[in-house]
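K.L.:
Here it is: the structure, laid out below.
There are 2 protein chains.
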Amino acid sequence: MDSLNKKSTKGSVCECKECVLRELMSESFLENESKYVCKSKIEKNYKKGEVIVYEGEEINNLICIKEGLIKIYRTLNNNKEQIISISKAFDFSYLLNVFSDKKFNYSISAIEDSTVCFILLENIKKMIYKNGDYALSVINKLSFASNKIINNFLEIHSRNLSGRVALILLFFSREIYKSNTFVLPVSRKEIAELIGMTTENVIRIMSEFRNENIIRIHTKEIEIKDNKRLELIMEKG
Amino acid sequence: MDSLNKKSTKGSVCECKECVLRELMSESFLENESKYVCKSKIEKNYKKGEVIVYEGEEINNLICIKEGLIKIYRTLNNNKEQIISISKAFDFSYLLNVFSDKKFNYSISAIEDSTVCFILLENIKKMIYKNGDYALSVINKLSFASNKIINNFLEIHSRNLSGRVALILLFFSREIYKSNTFVLPVSRKEIAELIGMTTENVIRIMSEFRNENIIRIHTKEIEIKDNKRLELIMEKG
DNA sequence: CGCGGCTTTGATGTTCATCAAGTAAAGTGG
DNA sequence: CCACTTTACTTGATGAACATCAAAGCCGCG
Chain A
2 MDSLNKKSTK
12 GSVCECKECV
22 LRELMSESFL
32 ENESKYVCKS
42 KIEKNYKKGE
52 VIVYEGEEIN
62 NLICIKEGLI
72 KIYRTLNNNK
82 EQIISISKAF
92 DFSYLLNVFS
102 DKKFNYSISA
112 IEDSTVCFIL
122 LENIKKMIYK
132 NGDYALSVIN
142 KLSFASNKII
152 NNFLEIHSRN
162 LSGRVALILL
172 FFSREIYKSN
182 TFVLPVSRKE
192 IAELIGMTTE
202 NVIRIMSEFR
212 NENIIRIHTK
222 EIEIKDNKRL
232 ELIMEKG
Chain H
2 MDSLNKKSTK
12 GSVCECKECV
22 LRELMSESFL
32 ENESKYVCKS
42 KIEKNYKKGE
52 VIVYEGEEIN
62 NLICIKEGLI
72 KIYRTLNNNK
82 EQIISISKAF
92 DFSYLLNVFS
102 DKKFNYSISA
112 IEDSTVCFIL
122 LENIKKMIYK
132 NGDYALSVIN
142 KLSFASNKII
152 NNFLEIHSRN
162 LSGRVALILL
172 FFSREIYKSN
182 TFVLPVSRKE
192 IAELIGMTTE
202 NVIRIMSEFR
212 NENIIRIHTK
222 EIEIKDNKRL
232 ELIMEKG
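Protein chains in written order, with the numbering used here: chain A, 2 to 238; chain H, 2 to 238.
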């Protein structure tokens, strides 16, 4: 397995409140079992830019982003990349086709330094099998995450280019960094790949926003100066 | 509940091989339980055009398309409709946000005469809770269906307009009707809403295909005369 | 310090939406 | 069943939105 040949910590105790494993702890599930699964997990660190999962790779593990930021993407026939989702720790977008296919039909890479847990899928399935509450919890997460991806897609593609750029800037500001000032974790090209437009137009529209004093740009550093106008552009776009 | 005030048959025995309930039958699950749930289901018939589920309605039932063809769609602020998916019986696209939200965030209507089962969601959840195999089966279906919708979206929106129209014609021909000749179950406007373009351009491109002898059109009746060229247009589009 | 990738701006062309106007089909009420 | 209304379909002309192409500055990295 390509994605696992790097140094890793094994068997540390699960301490993440929102971890897919941790879900169990509060339940009536056999303590022994959960500890066993917890020990089987592998935790690894990835630097910005490193690939966590390669498209086409066999799905043996359920991955869980413990810390950081990742992008889920696919490579098209013309060698261009299409970004499906950018997600932070514990939002479970990365469940996608884990429970229905043999191989990943997308890649995942870190766009900020990230910590990732790998848990044998077989063990997760065993837990689902044995524990009803856990099963319901996984179903809920899966449903929520898929639905969010679909919604994002609809939101993005029902807008014109200015609306899309406004949307993505507000996404980073509100959902990811919770601040008006932030450092873009992705290139202009990647933004283009995420919202379905060309790099040049991403830049052009960001420049317009800057000229109209809606945002401040210092290469990767962005400050949103006029939230209301940006929101207006997003809504009417 | 709006969608249930019409005549319906109650308590008939489940006979659909692929039914979400039927999954249980072959398992070691208590016979009594499954019979109980089976009796609680409501089966209804819808004519082409009738709405099965209204956006915003509370989710009390899991719905299951037993026969026919449906569209899942959303109404945008500008009163335009956006079709998320067209699906046939037992493809479970209609699971969408059933397990993660309180209300449907989309509508569902019949685009061909359809038979639909309503099963109390509480009962389904009970079965998931009690039966591990059933839980894994639901997770598999949910994952598969969501993934398919996302894939379709990526496929459609990475193509130009001709490519999209070719894609949708081949979709109806191959996945739905399994024939080169079929009657379109939707209007040109609905095709446009499904693949994100204007009605005029759907018509224009279909006319082009006709002029180039790739398809034959008699209002709603379509015959694909040159599969290879249509496929080529789909691929390069 | 020079190379390649990222960013930026401008000029140009293509694709697509919009508007308009007419025809065909389908539903509606007398 | 027919006149009437409404809705769906079709084609053309126009303009706007967007992609593509080109060129130059910037930045990080070996």
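C-beta atoms are modelled at their ideal positions from N, C-alpha and C, and glycine is treated no differently.
Which class does Asn124 of chain H belong to by DSSP, given the choice of helix, strand or coil?
P.N.:
In this structure, Asn124 of chain H counts as helix in the three-state DSSP scheme.
K.L.:
Please say whether Ile87 of chain H and Lys67 of chain H have beta carbons closer to each other than 8 Å?
P.N.:
Cβ distance not < 8 Å, so Lys67 of chain H and Ile87 of chain H don't count as in contact.
K.L.:
Consider the Cβ of Phe173 of chain H: report whether some Cβ of chain A lies at a distance smaller than 8 Å.
P.N.:
By this cut-off, Phe173 of chain H is not an interface position.
K.L.:
Mind pulling the beta strand (DSSP E) runs of 3 or more residues that sit fully within the region 36 to 102 of chain H?
P.N.:
Correct list: 43 to 47, 52 to 54, 62 to 76 and 82 to 89.
K.L.:
Assuming Phe183 of chain A is part of the beta strand (DSSP E), what are its boundary residues?
P.N.:
Residues Thr182 to Val184.
K.L.:
Applying the 10 Å Cβ sphere with the 16-neighbour rule, what's the burial state of Gly69 of chain H?
P.N.:
It counts as buried.
K.L.:
Find the residues of chain H that neighbour Asn141 of chain A, judging by a C-beta separation of less than 7 Å, and give them in chain order.
P.N.:
Going along chain H in sequence order, the residues near Asn141 of chain A (Cβ under 7 Å) are Phe100 and Ser101.
K.L.:
Just verifying my parser: in three-state terms, what is the DSSP assignment at Ser110 of chain H?
P.N.:
Ser110 of chain H falls in the strand class under three-state DSSP.
K.L.:
Is there at least one Cβ from chain H nearer than 8 Å to Lys126 of chain A's Cβ?
P.N.:
Output row for Lys126 of chain A: interface = yes.
K.L.:
When the Cα of Ser115 of chain H is compared with those of H:Met128, H:Asn161 and H:Glu51, which residue comes out closest?
P.N.:
The candidate whose alpha carbon is nearest that of Ser115 of chain H is H:Glu51.
K.L.:
Would the region 152 to 164 of chain A and the region 182 to 199 of chain A be scored as touching if the rule is three or more Cβ pairs under 8 Å?
P.N.:
Segments in contact, yes.
K.L.:
Under 9 Å Cβ-Cβ, which residues of chain H neighbour Ser144 of chain A?
P.N.:
The contacting residues are Leu96, Leu97, Asn98, Val99, Phe100, Ser101, Asp102, Leu143 and Ser147.
K.L.:
What I want to know is whether the C-beta of Lys89 of chain H ends up closer than 7 Å to one or more non-hydrogen atoms of the ligand MN.
P.N.:
Here there are no bound small molecules, and the ligand MN is not part of this structure.
K.L.:
Using a C-beta to C-beta distance shorter than 8 Å, which residues of chain H count as neighbours of Lys131 of chain A?
P.N.:
Ordered by position in chain H, the residues that pass the 8 Å Cβ test against Lys131 of chain A are Gly133.
K.L.:
Any beta carbon of chain H sitting closer than 8 Å to that of His158 of chain A?
P.N.:
By this cut-off, His158 of chain A is an interface position.
K.L.:
If the criterion is Cβ atoms closer than 8 Å, does the pair Asn203 of chain A and Ile192 of chain A meet it?
P.N.:
At residue 203 of chain A the sequence reads Val, which differs from the Asn that was named. In this structure, Ile192 of chain A lies closer than 8 Å to Val203 of chain A by Cβ.
K.L.:
Measuring only the C-alpha atoms, how far is Arg230 of chain H from Val54 of chain H?
P.N.:
Computed Cα separation, rounded: 38 Å.
K.L.:
Apart from the five residues just before and just after Lys48 of chain H, which ones in its own chain have a Cβ nearer than 8 Å to its Cβ?
P.N.:
The residues are Ala111 and Asp114.
K.L.:
I'd like the span of the alpha helix (DSSP H) that includes Glu222 of chain A, first residue to last.
P.N.:
No alpha helix (DSSP H) contains Glu222 of chain A, which is instead part of the beta strand (DSSP E) from Glu222 to Ile225.
K.L.:
So for Val187 of chain H, helix, strand or coil by DSSP?
P.N.:
Coil, per DSSP.
K.L.:
Quick check: the Cα distance between Ala167 of chain H and Asp102 of chain A, rounded to an integer number of angstroms?
P.N.:
If I take the Cα positions, the gap works out to 27 Å.
K.L.:
Please report the straight-line C-alpha distance between Pro186 of chain A and Ile84 of chain A, rounded to a whole angstrom.
P.N.:
If I take the Cα positions, the gap works out to 14 Å.
K.L.:
Please report whether the beta-carbon of Arg165 of chain H lies at a distance below 8 Å from any beta-carbon of chain A.
P.N.:
No, because no Cβ of chain A sits closer than 8 Å to the Cβ of Arg165 of chain H.
K.L.:
What number of angstroms, rounded off, separates the C-alpha of Lys221 of chain A from the C-alpha of Ile216 of chain H?
P.N.:
Taking the straight line joining both Cα atoms gives about 50 Å.
K.L.:
Examine chain H for any beta-carbon lying closer than 8 Å to the beta-carbon of Phe154 of chain A, and answer yes or no.
P.N.:
So yes, Phe154 of chain A belongs to the interface.
K.L.:
To the nearest angstrom, how far is the alpha carbon of Glu201 of chain H from that of Asn214 of chain H?
P.N.:
Going by the C-alpha atoms only, they are around 20 Å apart.
K.L.:
Ile60 of chain A CB to nearest chain H CB: under 8 Å?
P.N.:
So no, Ile60 of chain A is outside the interface.
K.L.:
Are the C-beta of Leu195 of chain A and some C-beta of chain H separated by less than 8 Å?
P.N.:
By this cut-off, Leu195 of chain A is not an interface position.
K.L.:
Only counting the same chain, and skipping five residues up and downstream in sequence, which positions put a Cβ closer than 6 Å to that of Met2 of chain A?
P.N.:
At Met2 of chain A, the pLDDT of 42 sits below 50, so the modelled position is not reliable and the matter cannot be decided from this model.
K.L.:
Given a threshold of 16 other Cβ atoms within 10 Å of its Cβ, counted over all protein chains shown, does Gly57 of chain A qualify as buried or as exposed?
P.N.:
By the 10 Å Cβ count, Gly57 of chain A comes out exposed.
K.L.:
Can a CB atom of chain H be found closer than 8 Å to the CB of Arg217 of chain A?
P.N.:
So, not an interface residue.
K.L.:
Name the chain A residues that come within less than 9 Å of Ile120 of chain H, Cβ to Cβ?
P.N.:
By Cβ distance, chain A contributes nothing, its closest Cβ being about 15 Å from Ile120 of chain H, past 9 Å.
K.L.:
Alpha carbon to alpha carbon, how far is Cys65 of chain A from Ala90 of chain A? Give it in angstroms, no decimals.
P.N.:
Rounded to whole angstroms, Ala90 of chain A to Cys65 of chain A spans 8 Å at the Cα level.
K.L.:
State yes or no: is the beta carbon of Ala111 of chain H nearer than 8 Å to at least one beta carbon in chain A?
P.N.:
No - not a single Cβ of chain A is within 8 Å of the one on Ala111 of chain H.
K.L.:
What residues match up with Asn217 of chain A in a beta bridge as DSSP calls it?
P.N.:
For the record, residue 217 of chain A in the displayed sequence is Arg; it is not Asn. DSSP lists A:Glu224 as partners of Arg217 of chain A.
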